[in-house]
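Residue numbers (our numbering), protein chains in the order written: chain P, 290 to 588; chain A, 382 to 673. Heads up, the thing below is written out as structure tokens.
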Amino acid sequence: MRLLNRNPWLLAMLLVSVTSLAYGQSKYQYGPNSQRQEGVPQGKVTQHRWENSKVFPGTQRDYWIYVPAQYDAAKAACVMIFNDGGGYVRDNGHSRVPLVFDNLIHQGKMPVTIGVFVNPGIIPPEQQGGAPRRNRSFEYDSLGDQYARFLIDELLPAVGKQYTLTDSPEGRAICGLSSGGICAFTAAWERPDYFSKVVSYIGSFTNIRGGHVYPAVIRKTEKKPIRVFLQEGDADLDNLFGNWPLANEQMAAALRYVGYDYQFVMGTEGHSGRHGGTILPEIMEWLWRDHPDNPAASK
Amino acid sequence: MKKLCFVLLLLSSTFTPIVAQDLPISQIMIEGESWELVAEGYQFTEGPAVNADGEVYFTDVPSSKIYKIDLAGKVSLFTDQANKTAGLMFGADGFLYGTSIGGKAIVRFDSQGVPTPIVEGVNCNDLVVLGNGTIFFTDHVEGKIWSVSSEGKLLEVAAGITFPNGLIAWPNQKQLVVADMRGRYLWNFCITADGQLKHQQPYSTMQLSVGKTESGADGMTVDKVGRVYVCTEQGVQIFDTQGRLSGVLAKPQRAFLSNITLGGPELNYLYATSTDKVYRRKLNTNGVRLAK
């Protein structure tokens, strides 16, 4: 270890190789639609900051907007929200969303869709030496409509000032993983008049802040116009909040019982975005398969 | 080293496990350890407070007496001039501070137990004393939080909580957490450099008993990790640093649980006041001396 202490770069390289090894061994590999393809027009990603939330007072957060090359201001684009957006927006992240969108939109397999990648908020300390109040669990794990209101009343209207966004719920989707996954479901569950499509990887439908009740609630609630994709891994968490694989099985069973348009994929990963990320192109094709602006839908 | 930090930061931002640190209560519970009776025969015990040596003081509110439990477990009278003092905490100056409900005052007791009011004419319930001498106290009558600066200046710093009762600061003393006895939330505030409160938020949701809409939340404490402990009807509810419920420790007895603090020389005994009795149990964690 002394050698490593003296050679921080060596330690870093070692960490990189160990991590790469772990990822390289995964049976879930990225396909061509998750990689940069020659001749495919590239969308543009811009980074922004949101510091004036009224729903979550005092919070600060980064967000990114992806605009596909095919976007035409004269025509309303679909919009898809990604919670924990910083992890989704990177070309080398778990989901590589800009690459996937570039490829699928180019191939006419999904409509022209603007991606909005939103990080959870933090409330910075008011004094030096203080720690920020991390708002992720409060925003993502809480049930109720507060996060939906943040998107609908605050963030998306601001994005809509720059870009022409659809006003139809069929054109709005929301995606997240872990607590961001249950958050995506909650946003659509609370506001199906606004969001109609949900993607959750390794969703925390567990008792972090009461979200374990969803399967029971879904079964006794008139079906809502929501389409749901759930990805889960059988090596996922089993901790004080609950058992993730069982919770997602319960969600899938409840959605099936009520007759929802849903897909459930159980893989073998743990609490990671890897599996969901590698199948994102297939998820997007399924999610948008019948949207009127999707060229593939009209074939 | 800076380079290494940068690389590690880069790595962590790319490969960070998605889970935040979980703090199940099994981490702080010790096999074979449970509540043990420390003192009994009182009317309504409250306000456990730990001094620099780890001795714990508590008050018997109706009799206006404050007692000391020494390190050998022996209980002795500290003062009989408490004038219905409920909340207690030691300041960095080594003196005991309290909320005198009878005197409607925030008071400081000298080493002989003689109280001197710092501010008077206030409704007060519980208090927390920070290292810089600032005192925050709850006013359950008006639903307000007040601060008293080290110079004795009284300031209303928050309002609109139904029944603010217990309160505590994060270990870094930059955040205040207030329990609503008639509601279900713990309210978080950022403490500003001039002793004001900002960014009020219902950061944690307490577990309620079936059929109840009120938590019955009372006294609070905090440990070195930043776990927040609050007495409720359900038991001692413990929240992690992201405001998530980690679990609930059973009450020492069925009767009302009023207040808690981490005491003993290592601050690793959770002392609890409950009507006629005082209990403690050993935990696998340590408290924080906010006033030092």
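Cβ coordinates follow ideal geometry from the N, Cα and C atoms, glycine included. Predicted model, so just to flag it, every value in this text is computed and none were measured.
Taking 8 Å as the cut-off, is the C-beta of L458(A) nearer than that to any heavy atom in the ligand COA? This structure lacks the ligand COA; in fact it carries no ligand of any kind.
Along the chain, where does the beta strand (DSSP E) that runs through N640(A) open and close? N640 to G644
Classify S415(A) as buried or exposed, calling it buried when 16 or more other Cβ atoms lie within 10 Å of its own Cβ. exposed
G468(A) versus I463(P) - alpha carbon distance: 48 Å
Work out the CA separation of S585(A) and A585(P) for me, nearest whole Å. 46 Å
Residue range of the beta strand (DSSP E) that Q658(A) falls in? Before going on, a small fix: residue 658(A) reads as Lys here, not Gln. Where K658(A) is concerned, the enclosing beta strand (DSSP E) stretches over K658 to K663.
Since L432(P) contacts G499(P) with CB under 8 Å, what's their CB separation in whole angstroms? 5 Å
Considering only their Cβ atoms, is the gap separating G566(P) from Y355(P) smaller than 9 Å? no
Have a look at Y436(P) and E428(P) and give me their C-alpha separation to the nearest angstrom. 6 Å
Could you list which residues in chain A have their beta carbon closer than 8 Å to that of I497(P), in chain order? R625
Tell me whether S590(A) is buried or exposed, calling it buried when 16 or more other Cβ atoms sit within 10 Å of its Cβ. exposed
Out of V603(A), E412(A), F637(A) and R625(A), which has the shortest C-alpha to C-alpha gap to L511(A)? V603(A)
Sequence-distant residues of its chain with Cβ nearer than 7 Å to L310(P) (five each side left out): Because L310(P) sits at a pLDDT of 45, beneath the cut-off of 50, its placement in the model cannot be relied upon, and the point is left open.
Identified DSSP bridge partners for K525(A): D520(A) and A540(A)
Quick check: R423(P) and Q623(A), are their CB atoms within less than 9 Å of each other? yes
By DSSP, does W533(P) sit in helix, in strand, or in coil? helix
Quick one: is I403(P) near chain A, going by C-beta distance under 9 Å? no
Within the 9 Å Cβ cut-off, does P504(P) reach chain A? no
Between E443(P), L445(P) and Q520(P), which has its C-alpha nearest F474(P)'s C-alpha? Q520(P)
Distance between R385(P) and G562(P) (C-alpha atoms, nearest Å): 11 Å
List, in order along the chain, the chain P residues whose C-beta lies closer than 8 Å to that of K579(A)? G347 and E415
Taking any Cβ of chain A, which residues in the segment 523 to 547 of chain P have a Cβ under 8 Å from it, in chain order? L526, N528, L529 and F530
Taking the Cβ atom as the reference point for each residue, do G475(A) and D507(A) lie within a distance shorter than 9 Å? no
Among V488(A), K663(A), G592(A) and L671(A), which has the Cα closest to the Cα of G413(A)? K663(A)
Let's test the definition: count the other Cβ atoms within 10 Å of the Cβ of S407(A) and tell me whether it reaches 16, buried, or not, exposed. exposed
Chain A partners of I412(P), CB-CB under 8 Å? C571, H580 and Q582
From what residue to what residue does the beta strand (DSSP E) around L418(A) run? E417 to E421
Run of the beta strand (DSSP E) containing Q336(P), from where it starts to where it stops: K333 to W339
Would you say N665(A) reaches chain P, if we count a Cβ-Cβ gap shorter than 9 Å as a contact? no
Candidates T495(P), Y549(P), D482(P) and R461(P), of which the one nearest I471(P) by Cα: T495(P)
Identify the residues that DSSP records as bridge partners of Q520(P): which are they? Y490(P) and V554(P)
List the endpoints of the continuous alpha helix (DSSP H) containing H606(P). Coverage of chain P is limited to positions 290 through 588, which leaves residue 606(P) absent and any answer about it impossible.
Contact list for the segment 546 to 571 of chain A against chain P, Cβ threshold 7 Å: N553, K555, Q556, N569 and C571
Nonlocal neighbours in the same chain, by C-beta distance under 6 Å from I411(A), ignoring five residues either side: K663 and N665
Tell me whether G628(A) is buried or exposed, calling it buried when 16 or more other Cβ atoms sit within 10 Å of its Cβ. buried
Run through DSSP, which three-state label would L304(P) get? Its pLDDT being 48, under 50, L304(P) is placed unreliably in this model, and the value from its coordinates should be taken loosely. Correct three-state label for L304(P): helix.
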